[in-house]
Amino acid sequence: MRPAVRRFRSKHASVPTCSRLLVLLLLAGSLTVNSLSAQVTPTLVDDPEIVSTYANTITANDLAAHLYFFASDHFQGRETTQPGQRLAAEYLASQYRLMGLEPRGTAAPHDAAGPDAYLQPFTVYGTRFDRSTLTAERNGTPLFSAEFSRDVNNGSFSYQMGEGQDVTAPLVFAGYGIHDPDLDFSDFDALNSAGVQIGGTWIMILDGEPMTSNGGMLLSENGTPTAWSTGRFTKLRFLLQGETMPAGIIIVGNADAPVPEGAGSLSLSPPDRTPANGARRVLPPVLRISEDLADVLLSASGHTVASITSTVTETHSPVVFGMSGTRLTGSVENSRYDAPTENVVAFIEGSDLKNEVVVLTSHYDHIGISGSGEDRINNGADDDGSGTVTLLELASAFQQAKDDGFGPRRSLLFMNVTGEEKGLLGSAWYSDHEPLFPIENTVTNLNIDMIGRVDPTHPGPDANYVYIIGSNLISQELHNINLQANDLMGTGLDLNERFNSRDDPNQFYRRSDHWNFGKHGVPFIFFFTGTHEDYHGVGDEPEKIEYERMEKIARLIFGTAWQVANQDTRPAVSGTGFN
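Everything in the sequence shown is counted per the working numbering, starting at 404 for the first residue and increasing by one.
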């Protein structure tokens with residue numbers, strides 16, 4: 404017989420308002436956590452009907468109701484250390500309290516009213532942009548000098564990112580800065596073939612991606628933009644994660660940008676302190692210039708920006724070359740500061756295996772406010788609003804099961820981490836500095852990041868897939884549990900392993916918060932549906948989310964978590980993970 408299911412909150416298909424949030428926050432302060440004894444719970448294999456009963460409380464309508472509010476302008480893009488991020492943390496804490504989950508934060512006693520009992524605060528150290536300059540010369544002859552600051556901004560030169568430093572180095576033209584073997588296009592393979600090295604040089608790359616003669620995108624089957632042009636950091640992540648890093652990066656395109664006002668670069672170590680694990684990696688300066696300035700730099704090569712883009716369109720091949728005799732000197736001046744931020748942590752205690760814990764994660768931060776258009780707020784509905792609200796719904800479903808006498812045997816920790824966009828900072832703080840449970844007792848991490856949209860390889864409304872990354876890197880058993888859950892839960896998703904490889908050029912298995920568990924040998928699965936044209940852009944809005952498929956993915960994760968939390972043994976470690 405199916406157990407009776409209680410809802411902690413009424414269904415709201417409409418978007419919650421700010422007034423409703425205030426009511427929720429007030430109510431949250433007056434509620435206490437239920438302390439219920441859990442009994443041994445059947446596994447998914449034992450009784451899939453019971454598991455499905457609670458999984459089915461996760462609905463597209465509930466996911467949408469949360470996300471339309473969470474990914475609204477109210478939270479100002481949720482940039483780490485900024486007021487919108489703190490407000491988002493308080494919202495998440497209020498929801499966990501309303502559901503009845505136990506707090507596991509370190510900011511206040513667990514019986515304290517308000518959100519602090521659910522928060523794990525820590526300090527990050529950052530740099531804030533002040534001024535940047537760029538000078539160019541060829542064989543000792545000056546070509547131009549440019550400045551960008553709060554007082555000087557002429558639209559031809561601007562700063563994008565990087566730490567305070569002065570860099571003088573030769574210049575290399577690296578085409579569009581794309582390396583995508585799946586699409587059979589790599590500017591960097593072309594440079595290697597030509598014997599041109601990028602280590603220790605300034606590299607100049609064109610913004611966006613090559614186009615066809617009819618105006619479509621060359622690298623896309625249907626002509627739509629790929630993440631190489633829509634992703635704010637796709638190219639930079641590829642360039643900065645390699646063993647050979649350029650001295651600096653020049654992006655050619657729209658250089659008319661406002662002076663950055665956000666958090667800038669952040670780390671867990673002060674800028675003048677060497678971390679315990681070795682020298683701190685300093686990010687090179689990333690600057691933007693106009694096509695006019697780029698043509699000045701290209702003048703000795705016989706090329707212009709226009710001629711290069713035309714050649715790539717005609718030949719479907721990269722255009723790259725060294726620029727002998729041309730040297731750039733770029734400087735970035737930053738001021739230093741430290742600032743608080745916080746993870747959000749909520750807990751369901753297990754029964755006979757309560758000292759072991761399954762950690763479910765999403766990141767709730769995003770990239771804040773940027774650009775100069777009418778809409779400057781990056782609301783991050785997919786990245787990672789989709790994972791964040793899914794975690795809320797998973798927590799609600801598991802808490803309902805516990806209240807009905809089907810609590811987990813192992814404990815469950817629901818953690819919305821901060822600082823992912825700044826370098827996986829929140830999960831690194833948890834795993835490396837302040838784990839709330841011993842890492843050796845952490846049996847699995849299930850990480851959810853961007854499950855609300857489809858990528859260009861899955862066009863159309865019937866895409867029924869989720870990428871699973873890392874599931875068999877450390878534990879083949881965990882991989883099998885996930886496959887079995889997909890069958891027994893009836894979700895019927897294509898569990899796509901396209902990116903499930905250490906050798907994948909996108910390196911997605913390093914690019915979200917599961918990485919900080921996997922490096923400690925904790926089995927993990929990263930659930931992901933790929934990047935899209937609005938990745939890290941203002942167009943990542945809740946009305947573009949595909950909630951029905953997101954519901955299926957959430958139910959799959961519920962089934963996998965249920966099995967891991969309730970089977971007799973933890974998933975066996977069978978691989979070396981990242982070692």
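All residues carry an ideal CB built from backbone N, CA and C; glycine is no exception.
If you're wondering where the values come from, they're calculated on a predicted model, not measured in any experiment.
Please list, in chain order, all residues of the same chain as residue i whose beta carbon is under 8 Å from its beta carbon, the five residues on each side excluded.
| i | result |
| --- | --- |
| Val599 | Val575, Val723, Phe724, Gly725 |
| Val846 | Glu759, Val760, Val761, Arg813, Val925, Pro926, Val967, Arg973, Pro974 |
| Glu944 | Ala474, Asn782, Ala784, Asp937 |
If you draw a straight line from the C-alpha of residue i to the C-alpha of residue j, how long is it?
| i | j | result |
| --- | --- | --- |
| Ser720 | Met620 | 14 Å |
| Gly565 | Val735 | 7 Å |
| Thr707 | Gln568 | 29 Å |
| Leu700 | Thr932 | 40 Å |
| Gly822 | Asn919 | 13 Å |
| Leu690 | Val941 | 21 Å |
| Ile884 | Leu839 | 26 Å |
| Met614 | Val857 | 22 Å |
| Thr571 | Leu881 | 49 Å |
| Glu900 | Gln644 | 22 Å |
| Leu425 | Arg489 | In this prediction, Leu425 scores a pLDDT of 40, lower than 50, which makes its location untrustworthy; the coordinate-derived value is nonetheless stated afterwards. About 15 Å. |
| Thr435 | Gly503 | In this prediction, Thr435 has a pLDDT of 36, which is less than 50 and means its spatial position is unreliable; what the coordinates show is noted afterwards. Taking the straight line from one Cα to the other gives about 7 Å. |
| Ser582 | Ser754 | This sequence places His at residue 582; Ser is not what is there. Distance between the alpha carbons of His582 and Ser754 is about 49 Å. |
| Leu959 | Ile453 | 14 Å |
| Lys757 | Trp631 | 45 Å |
| Pro859 | Glu717 | 23 Å |
| Met892 | Lys922 | 30 Å |
| Tyr498 | Leu794 | Looking at the sequence provided, one finds Gln at residue 498 rather than Tyr. Each residue's Cα considered, the two are about 11 Å apart. |
| Thr509 | Gly517 | 13 Å |
| Asn595 | Glu550 | 33 Å |
| Ser874 | Asn903 | 8 Å |
| Gly826 | Thr744 | 14 Å |
| Ile842 | Asn848 | 11 Å |
| Gly962 | Leu815 | 13 Å |
Count the other C-beta atoms from every protein chain shown that fall within 10 angstroms of the C-beta of residue i, then say buried if there are 16 or more, exposed otherwise.
| i | result |
| --- | --- |
| Asp741 | exposed |
| Gly788 | buried |
| Asp852 | buried |
| Ala679 | Residue confidence for Ala679 is low, a pLDDT of 44 falling below 50, so the modelled location carries little weight; the figure read from the coordinates is stated next. Ala679 should be labelled exposed. |
| Val555 | exposed |
| Ser616 | exposed |
| Ser548 | exposed |
| Ser535 | buried |
| Asn969 | buried |
| Leu785 | Leu is not the amino acid found at residue 785; the sequence shown has Asp there. Asp785 comes out buried. |
| Ser455 | buried |
| Arg507 | buried |
| Gly543 | exposed |
| Thr647 | exposed |
| Met869 | Just to set this straight, residue 869 is Val in the shown sequence, not Met. Buried: at least 16 other Cβ atoms inside 10 Å. |
| Pro451 | buried |
| Ala468 | buried |
| Pro584 | exposed |
| Ser693 | buried |
| Thr484 | buried |
| Val715 | buried |
| His513 | exposed |
| Pro628 | buried |
| Ala597 | exposed |
| Gly618 | exposed |
| Ser668 | buried |
| Asn557 | exposed |
Which whole-angstrom value describes the C-beta separation of residue i and residue j, a residue pair presumed to lie in contact below a C-beta threshold of 8 Å?
| i | j | result |
| --- | --- | --- |
| Pro687 | Pro649 | 6 Å |
| Tyr457 | Gln803 | 6 Å |
| Ile948 | Leu470 | 6 Å |
| Ala658 | Ser559 | 6 Å |
| Glu482 | Asp768 | 7 Å |
| Gly829 | Met953 | Incorrect: roughly 23 Å between the Cβ atoms, too far for contact. |
Once the 5 residues before and after residue i are set aside, which same chain residues still bring their CB inside 7 Å of it?
| i | result |
| --- | --- |
| Glu796 | Ile461, Asp465, Leu466, Ala957 |
| Asp971 | none |
| His861 | Tyr868 |
| Arg541 | Ala703, Gly728, Thr729 |
| Thr444 | Phe809, Gly810, Pro811, Arg812, Asn969 |
For residue i, I'd like the list of residues in its chain whose CB is within less than 6 Å of its CB, leaving aside the five on either flank, ordered along the chain.
| i | result |
| --- | --- |
| Lys358 | The structure shown does not extend to residue 358, since the chain is modelled only from 404 to 982, so the question has no answer here. |
| Phe591 | His582 |
| Ser765 | Asp787, Gly790, Thr791, Leu794, Asn819, Ile851 |
Can residue i be considered in contact with the ligand NAP, in the sense that its beta carbon sits closer than 7 Å to one or more heavy atoms?
| i | result |
| --- | --- |
| Arg914 | This structure simply doesn't include the ligand NAP, nor any ligand for that matter. |
- Could you pull out every unbroken beta strand (DSSP E) segment of at least 3 residues lying fully inside the region 682 to 731, listed in chain order? 689 to 692
>> If we require 3 or more residues per run, which beta strand (DSSP E) segments fall completely within the region 828 to 885?
In response: Whole beta strand (DSSP E) segments, 3+ residues: 845 to 851, 868 to 872.
* Within the region 758 to 784, note down every full beta strand (DSSP E) run reaching 3 residues or more, in order along the chain. => Counting only runs of 3 or more, we get nothing.
Any beta strand (DSSP E) of 3 or more consecutive residues that is wholly inside the region 584 to 659 = 605 to 609, 651 to 655
Unbroken alpha helix (DSSP H) runs of length 4 or more, entirely within the region 934 to 977: which are they? 950 to 969
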